[in-house]
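Here's the structure, in structure tokens; my notes come after.
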Amino acid sequence: MNRSSDDTWLYTISSKRKLIDFNFRELWRYRDLLFLFVKRDVVTVYKQTILGPLWYLIQPLFTALTFTLIFNKVANIETGTVPPFLFNLAGISVWNYFKNCLQATSDTFRSNAGIFSKVYFPRLISPLSVVISNLIKFGIQLLIFIGFYVYYYTQGAAVSLNSTLVFFPVLIILMGLLGLGLGMVISSMVTKYRDLKYLLNFGVQLLMYTSAVMYPLALMREKLPRFAWLVEYNPMAYVIEAARYMLLSTGTLSVNGIVYTAIVTMSILFIGLVVFNKTEKSFIDTV
Numbered sequence: 269m270n271r272s273s274d275d276t277w278l279y280t281i282s283s284k285r286k287l288i289d290f291n292f293r294e295l296w297r298y299r300d301l302l303f304l305f306v307k308r309d310v311v312t313v314y315k316q317t318i319l320g321p322l323w324y325l326i327q328p329l330f331t332a333l334t335f336t337l338i339f340n341k342v343a344n345i346e347t348g349t350v351p352p353f354l355f356n357l358a359g360i361s362v363w364n365y366f367k368n369c370l371q372a373t374s375d376t377f378r379s380n381a382g383i384f385s386k387v388y389f390p391r392l393i394s395p396l397s398v399v400i401s402n403l404i405k406f407g408i409q410l411l412i413f414i415g416f417y418v419y420y421y422t423q424g425a426a427v428s429l430n431s432t433l434v435f436f437p438v439l440i441i442l443m444g445l446l447g448l449g450l451g452m453v454i455s456s457m458v459t460k461y462r463d464l465k466y467l468l469n470f471g472v473q474l475l476m477y478t479s480a481v482m483y484p485l486a487l488m489r490e491k492l493p494r495f496a497w498l499v500e501y502n503p504m505a506y507v508i509e510a511a512r513y514m515l516l517s518t519g520t521l522s523v524n525g526i527v528y529t530a531i532v533t534m535s536i537l538f539i540g541l542v543v544f545n546k547t548e549k550s551f552i553d554t555v
């Protein structure tokens, strides 16, 4: 039978796939589904809770308050002229975006196994939706930070924005891509080794303490120079330090550190795409 001129090929079936075989034009065709996934992630997280979306605000505020009491009041960690609560809130808000992207993306295959096994769509849509939905949550937390910033500013606190703030979106992109890449690697491993899911939560907590979230980067180099390498090799430490420099004009902005972060991020993202591409073909047999 001859194929009519109106027939079009939707998919090509081949025996081999490339190392990275993502059809980005296909992703664009499924953009409506991407937005539905984003809506699902934002709306359903706290759907049947008493406080609902208020948890987006409560979590960073209580964490920043706890850090202020423990690290600044008890441990006497200095934050310069910046109010400790504002210092910690900036670090926590930035860290939460990366952490949420990493943790949610790492659960991609397990949490979506049901729909993945029944309906075809580009699997990359799921982790991408996580990065976008968490960007919305990050925006909400950033508004809370701005509110407290204005309050402290009107009270005469020595805080000021920095001209480098125009590059803040670069930091957001780096955080999102780093969380996406690392999350895809872990998600692919979790399909075979379930224990990694529990180990991840512990690992993220340890990573936070080496990311300069609750202390200035210079303080680690001054007080614990032997262990400073733990922070200096952590790409998130440079992102958080740069974010506080842009938002509060405190700390330092290391161009070399940001370049290092970009190189690490793109390397991990590439590895994540390769592993994700390989795992999505057979994960349903092991998940």
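Per my numbering: the sequence shown ends with 555, consecutive numbering throughout. Each residue gets a CB set at the ideal place from its N, CA and C atoms; glycine is no exception. What you are looking at is a predicted structure, and each value in this text was computed from that prediction instead of being measured.
Distance, residue j Cα to residue i Cα
i       : j       : result
Phe-538 : Leu-516 : 33 Å
Val-458 : Ile-408 : 30 Å
Gly-444 : Cys-369 : 7 Å
Glu-490 : Phe-384 : 50 Å
Leu-546 : Val-311 : The amino acid occupying residue 546 in the given sequence is Lys; Leu does not appear at that position. The alpha-carbon atoms of Lys-546 and Val-311 are separated by roughly 31 Å.
Asp-309 : Ser-397 : 8 Å
Trp-296 : Lys-307 : 17 Å
Leu-487 : Val-453 : 32 Å
Met-514 : Val-543 : 35 Å
Met-534 : Leu-446 : 8 Å
Val-434 : Ala-505 : 20 Å
Asn-364 : Phe-416 : 18 Å
Val-507 : Ala-425 : 24 Å
Asn-469 : Ser-394 : 20 Å
Val-499 : Lys-341 : 23 Å
Ile-440 : Asn-402 : 11 Å
Phe-303 : Glu-346 : 43 Å
Ala-358 : Asn-344 : 19 Å
Boundaries of the alpha helix (DSSP H) in which residue i is found, first to last residue
i       : result
Asp-300 : 299-312
Lys-341 : First-last for Lys-341: undefined, no H or E at that position.
Leu-442 : 436-458
Ser-379 : 376-379
Tyr-528 : 523-547
Pro-328 : 323-335
Distance CB(residue i)-CB(residue j) smaller than 8 Å
i       : j       : result
Val-259 : Tyr-419 : Residue 259 is absent from the structure shown; the chain starts at 269 and stops at 555.
Pro-503 : Thr-529 : yes
Tyr-501 : Phe-339 : no
Arg-512 : Phe-330 : no
Val-350 : Thr-518 : yes
Gly-540 : Leu-464 : no
Lys-405 : Tyr-298 : no
Ile-536 : Leu-450 : yes
Residue i in three-state terms, based on DSSP
i       : result
Ile-404 : helix
Thr-478 : coil
Arg-391 : coil
Pro-351 : coil
Ser-397 : helix
Asn-502 : coil
Val-427 : coil
Gly-259 : Residue 259 is absent from the model: the chain starts at 269 and stops at 555.
Arg-494 : helix
Glu-346 : coil
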